[in-house]
Amino acid sequence: MAELGYTSNEIMTIAASRRLADGMVCFVGIGMPSAAANLARSLHAPEVVLIYESGTIGARPTVLPLSIGDGELAETADAVVSVPEIFRYWLQAGRVDVGFLGAAQIDKYGNINTTVIGGTYDSPQVRLPGAGGAPEIATASKETWIILKQNKRTFVEKLHFVTSAGHRPGAHGSAIRGRGPTVVITDLGVLTPDPETMEFTLSALHPGVTVEQARAATGWELKVALHLEITPEPTAAELAALRDLYARTEAAHGSASTEG
Amino acid sequence: MAELGYTSNEIMTIAASRRLADGMVCFVGIGMPSAAANLARSLHAPEVVLIYESGTIGARPTVLPLSIGDGELAETADAVVSVPEIFRYWLQAGRVDVGFLGAAQIDKYGNINTTVIGGTYDSPQVRLPGAGGAPEIATASKETWIILKQNKRTFVEKLHFVTSAGHRPGAHGSAIRGRGPTVVITDLGVLTPDPETMEFTLSALHPGVTVEQARAATGWELKVALHLEITPEPTAAELAALRDLYARTEAAHGSASTEG
Amino acid sequence: MAEITTLRNAISSLVHDGSILAMEGFTHLIPFAAGHEVIRQGRKSLTLIRMTPDLIYDQMIGMGCASRLVFSWGGNPGVGSLHRFRDAIQNSWPAPLAIEEHSHADMAARYQAGASGLPFAVLRGYVGSDIPQYNASISSVTCPFTGEVLAATRALTPDVAIIHAQKADRKGNVLIQGITGIQKEAVLASKKAIVTVEEIVDHLDAPMNACVLPFWVVTYVCEVPGGAFPSYAHGYYSRDNSFCKAWDGIARDRATFMAWMHEHVLTTEDFAGFKRSLNREAEAQHG
Amino acid sequence: MAEITTLRNAISSLVHDGSILAMEGFTHLIPFAAGHEVIRQGRKSLTLIRMTPDLIYDQMIGMGCASRLVFSWGGNPGVGSLHRFRDAIQNSWPAPLAIEEHSHADMAARYQAGASGLPFAVLRGYVGSDIPQYNASISSVTCPFTGEVLAATRALTPDVAIIHAQKADRKGNVLIQGITGIQKEAVLASKKAIVTVEEIVDHLDAPMNACVLPFWVVTYVCEVPGGAFPSYAHGYYSRDNSFCKAWDGIARDRATFMAWMHEHVLTTEDFAGFKRSLNREAEAQHG
Chain A
23 MAELGYTSNE IMTIAASRRL ADGMVCFVGI GMPSAAANLA RSLHAPEVVL
73 IYESGTIGAR PTVLPLSIGD GELAETADAV VSVPEIFRYW LQAGRVDVGF
123 LGAAQIDKYG NINTTVIGGT YDSPQVRLPG AGGAPEIATA SKETWIILKQ
173 NKRTFVEKLH FVTSAGHRPG AHGSAIRGRG PTVVITDLGV LTPDPETMEF
223 TLSALHPGVT VEQARAATGW ELKVALHLEI TPEPTAAELA ALRDLYARTE
273 AAHGSASTEG
Chain B
23 MAELGYTSNE IMTIAASRRL ADGMVCFVGI GMPSAAANLA RSLHAPEVVL
73 IYESGTIGAR PTVLPLSIGD GELAETADAV VSVPEIFRYW LQAGRVDVGF
123 LGAAQIDKYG NINTTVIGGT YDSPQVRLPG AGGAPEIATA SKETWIILKQ
173 NKRTFVEKLH FVTSAGHRPG AHGSAIRGRG PTVVITDLGV LTPDPETMEF
223 TLSALHPGVT VEQARAATGW ELKVALHLEI TPEPTAAELA ALRDLYARTE
273 AAHGSASTEG
Chain C
562 MAEITTLRNA ISSLVHDGSI LAMEGFTHLI PFAAGHEVIR QGRKSLTLIR
612 MTPDLIYDQM IGMGCASRLV FSWGGNPGVG SLHRFRDAIQ NSWPAPLAIE
662 EHSHADMAAR YQAGASGLPF AVLRGYVGSD IPQYNASISS VTCPFTGEVL
712 AATRALTPDV AIIHAQKADR KGNVLIQGIT GIQKEAVLAS KKAIVTVEEI
762 VDHLDAPMNA CVLPFWVVTY VCEVPGGAFP SYAHGYYSRD NSFCKAWDGI
812 ARDRATFMAW MHEHVLTTED FAGFKRSLNR EAEAQHG
Chain D
562 MAEITTLRNA ISSLVHDGSI LAMEGFTHLI PFAAGHEVIR QGRKSLTLIR
612 MTPDLIYDQM IGMGCASRLV FSWGGNPGVG SLHRFRDAIQ NSWPAPLAIE
662 EHSHADMAAR YQAGASGLPF AVLRGYVGSD IPQYNASISS VTCPFTGEVL
712 AATRALTPDV AIIHAQKADR KGNVLIQGIT GIQKEAVLAS KKAIVTVEEI
762 VDHLDAPMNA CVLPFWVVTY VCEVPGGAFP SYAHGYYSRD NSFCKAWDGI
812 ARDRATFMAW MHEHVLTTED FAGFKRSLNR EAEAQHG
């Protein structure tokens, strides 16, 4: 997408950042979620409250953190609490508006796998990092947003392992407290759950991306919303802010910190 | 006991203070326990660790606190933690060597009543302050010491209400973790549990006190240990230290803070 | 999102007849000014929750604000009994007072459960104690791993928490220093929260691991200098021990109590007026 | 009662083959020096507990110290996979590694339960997740008041906790500042504790509500300046991000890994020697 003047990573991050309203309380995963949330904070949502699972509440980093526990998060936070406290008093208590997660794999119901791929659980083909905070972020936040690149390895018909729950019918019981995953933002477009089936459906495409490309990058038979929107082009201000954020991050860490 | 050169309060406090070994971790109730513990700290046990239920660990007050949450406790403590933490991580976890309690009433098994006297629970003759930290101090500490004045109102055959457990046979179940009450120190002498019956038995008398006086001040048929000891007289150093402590306290608070 | 307002407005907005109220402050930072404002506004039938009901709850109970008290230790620390508390329980004066009593460890656990979004808490508690026989909010659970039976206790989720703290900034972030007690849990367990503070400042300047309540868990912040009197605010003023002792005499007799409350609380505008009234009396006595 | 000693002595006194070890530090204050000392002393069959096994556990696993890993997220933060961790699980190299995995919220609750003397913790966890199917340490309990079913999780009570902190005083009181993570709970949940610190000072000068571990819950204190490298110690030094990235290349290949560990860890005396060895290599490459 070089001809568009921005990368697919950039439109994905910008599209995600636009969804964050000012004042929202956002439990932020590292990498893309953190980039999108901090971009929003530098643009239209200066008062968004960022919580990182290391215990930093209201962090305002000037560069993107490389881990969820960078020192700058503590230095700029309104409060720094212990890890048990962040999960019990802040996440589990239902104080988080948006749990913002990355994922290795998702299925059409927004279930997430970050545990194992292939083989068996005890003898997997690929051992992934595991759950981290995600199982409880996914079910205790008022809603969850998922951001990841879209391809047949990441968007699969059936997960090998459900690490963190989405809208898997029948599996929730009464204990899920929020609305679950309400949006999946990818490098190709945006998926939202069908209100009846809760199946993630293509509801927007980024500029220049076709439905066929999105279908080809999806491991299930991707449905398309009746009114398919086109993500508005990144503005010059958005692009400048994002690139500036990455440049500052690169200068500080020697890394743009978009993975992990 | 004016002819002895000290009061019954003084010998009681001094007798209690002598039992505290240096380095012990002591969960201290306000009033007499706090006075005895701080006296010990100023004499033979400079490194005794005092925990007050307000969350102060390792407090070293220069005067006796008027409440378990005086500012000087926080200023001199090694650590100041929240109230839930003091009860969960420090008391309940079994880190306390000695739980040092006052009481309104006790029975022969060292059960304590600080709830109601007379009438019914819902309509008592006398409503006492209630439990405070005592039910868990009494059962989670490695041992408990009780200090109170001995008379027929305080040493009773049967409690109207068991607020905090002693050696009431059969009532403990498996959850009591420590040895329970190991000593009761009064203005007349010292009682310790009979190793077989666990009934509190007179094992020492303060100087000048008779067995008959102790029996007359006890609401149950007081048994006397085979080897009845006499509490050694307060030393000049002990008396000076205790009086100095009260004088400093009086100057600081306008109160000697021995009650409550 | 915290709004900075007057104490009168905060109380009238959130505290209604029948509200379930947790006013906390463990020997330190007791929200006296807020308690007086509840009395001035004439609230009735409140459920009052507090680990250590002391002078302020004695006053509220004596003025008939409460129909129910949830607590773990009711006394005048370092002085003795609470006479209005005892009169209410022993003689139903001025109104019957239902009580639900716990131990400190239990109350702390109940606030933690409420702050954690859990329906109950587990503790090693009440072994051999009669308390659970009189309290339906105390039960037991069995550990699914060891089979051990432990005490279970119902979470506290008050309508409103009221606490006093040292400082807030202009957004409403609150700093509590010294003995922090149970206040953070009380605020996080409650649906709404009022925080009175010694001062509102431009910058909180909180040490990195200090006890800070972010503005978005606080409903109202009210600047009430001296609002914890006669308890203390670490770094601001000490406890007024002579007031605590004098209270014993004032509260012992119903008529003396009522006259005192009328003169110093009911007929004063606010907490500053209350303190001026106390000072006038002291001057009249000593001058 | 804390004893101040060398790291070598602390590890050899407390860490034995088969020990259950919790080394904590949540992205901050990771006890790398202590991990290296365990490797140097050739310990085997350890149960390694850690919320976020990262480089240090990758090294210990790759060197065959562990037979079991209890964790909630295993990766190289900001970089990617842990190759030794993956190789052990996928290919049993250098030895089979049994795993027990949880979520962060669960692990934090398990440490809290251990620190609180409770056999289990309750959490709203794992709703719709497959994890409990593979883990016998996760069960459920029913709230005796509401009937709600919640996750229950077995308390952690390791033999030894090892953490790194900024400072200790000469009695062994320990001050942790910045992101305090799960370290306090890990120490309080464990039977013994080793704390490495940046410096031992005469006076801790801890802010009043700071995270302080009193000397009597710490077994050994060892002064190891820079002992959290390549992670960071707030107020002392920053994370070495380039090391974390370079690790990806070193750990990817078994032979490269073994050679690196041999050169920099096994044949150095201590952590200072390890860092001198790294510096020599860097100078050779760049000079």
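Top line first, the protein sequences correspond to chains A, B, C and D. Just so we're aligned, residue 23 is where the first sequence starts under the numbering used here, counting upward by one. Just so we're aligned, residue 23 is where the second sequence starts under the numbering used here, counting upward by one. Just so we're aligned, residue 562 is where the third sequence starts under the numbering used here, counting upward by one. Just so we're aligned, residue 562 is where the fourth sequence starts under the numbering used here, counting upward by one. Note that beta-carbon positions come from the ideal geometry of N, C-alpha and C, so glycine has one too.
C-alpha gap between residue i and residue j, whole angstroms
{"i": "M621 (chain C)", "j": "L170 (chain B)", "result": "32 Å"}
{"i": "I252 (chain B)", "j": "H665 (chain C)", "result": "37 Å"}
{"i": "P775 (chain D)", "j": "P786 (chain D)", "result": "21 Å"}
{"i": "S633 (chain D)", "j": "A845 (chain D)", "result": "38 Å"}
{"i": "L568 (chain D)", "j": "A274 (chain B)", "result": "46 Å"}
{"i": "V118 (chain A)", "j": "A649 (chain C)", "result": "42 Å"}
{"i": "L607 (chain C)", "j": "V576 (chain C)", "result": "9 Å"}
{"i": "M562 (chain C)", "j": "V778 (chain C)", "result": "7 Å"}
{"i": "T161 (chain A)", "j": "D730 (chain D)", "result": "43 Å"}
{"i": "A726 (chain D)", "j": "G230 (chain B)", "result": "56 Å"}
{"i": "A816 (chain D)", "j": "R645 (chain D)", "result": "11 Å"}
{"i": "L582 (chain C)", "j": "G639 (chain D)", "result": "46 Å"}
{"i": "I600 (chain D)", "j": "F593 (chain D)", "result": "11 Å"}
{"i": "A750 (chain D)", "j": "R110 (chain B)", "result": "12 Å"}
Residue j beta carbon less than 8 Å from that of residue i
{"i": "L224 (chain B)", "j": "L244 (chain B)", "result": "yes"}
{"i": "M624 (chain C)", "j": "M822 (chain C)", "result": "yes"}
{"i": "I755 (chain C)", "j": "E784 (chain C)", "result": "no"}
{"i": "V47 (chain A)", "j": "R270 (chain A)", "result": "no"}
{"i": "G796 (chain D)", "j": "F832 (chain D)", "result": "no"}
{"i": "L590 (chain D)", "j": "Q694 (chain D)", "result": "no"}
{"i": "V748 (chain D)", "j": "I724 (chain D)", "result": "yes"}
{"i": "A862 (chain C)", "j": "T714 (chain C)", "result": "As shown, chain C starts at 562 and ends at 848. That puts residue 862 (chain C) outside it, with no answer to give."}
{"i": "R199 (chain A)", "j": "G116 (chain A)", "result": "yes"}
{"i": "S700 (chain C)", "j": "P680 (chain D)", "result": "no"}
{"i": "G708 (chain C)", "j": "P157 (chain B)", "result": "no"}
{"i": "D44 (chain B)", "j": "P68 (chain B)", "result": "yes"}
Three-way DSSP call (helix, strand, coil) for residue i in this model
{"i": "Y793 (chain D)", "result": "coil"}
{"i": "E709 (chain C)", "result": "coil"}
{"i": "F593 (chain D)", "result": "helix"}
{"i": "V640 (chain D)", "result": "coil"}
{"i": "G282 (chain B)", "result": "The predicted position of G282 (chain B) is uncertain, since its pLDDT is 33 and thus under 50; a value taken from the coordinates is nonetheless stated next. It is coil, neither helix nor strand."}
{"i": "V576 (chain D)", "result": "coil"}
{"i": "V233 (chain B)", "result": "helix"}
{"i": "T718 (chain D)", "result": "coil"}
{"i": "Y268 (chain A)", "result": "helix"}
{"i": "Y131 (chain B)", "result": "coil"}
{"i": "Q694 (chain D)", "result": "helix"}
{"i": "I743 (chain D)", "result": "coil"}
{"i": "F587 (chain D)", "result": "coil"}
{"i": "K245 (chain A)", "result": "coil"}
{"i": "H847 (chain D)", "result": "helix"}
{"i": "E251 (chain B)", "result": "strand"}
Bridge partner(s) assigned by DSSP for residue i
{"i": "E564 (chain D)", "result": "D:Y781"}
{"i": "Y618 (chain C)", "result": "Y618 (chain C) is not bridged to any residue."}
{"i": "R149 (chain A)", "result": "A:V138"}
{"i": "E661 (chain C)", "result": "C:V631"}
{"i": "D730 (chain D)", "result": "D:V762"}
{"i": "L839 (chain C)", "result": "Answer is none; L839 (chain C) lacks a bridge partner."}
{"i": "F646 (chain C)", "result": "DSSP, once it has assigned bridges, lists no residue as partnering F646 (chain C)."}
Requested in this report: May I have a chain-ordered list of the beta strand (DSSP E) segments no shorter than 3 residues that lie completely inside the region 164-222 of chain B?
Outcome: Listed in chain order, they are 165-169, 203-207, 211-215.
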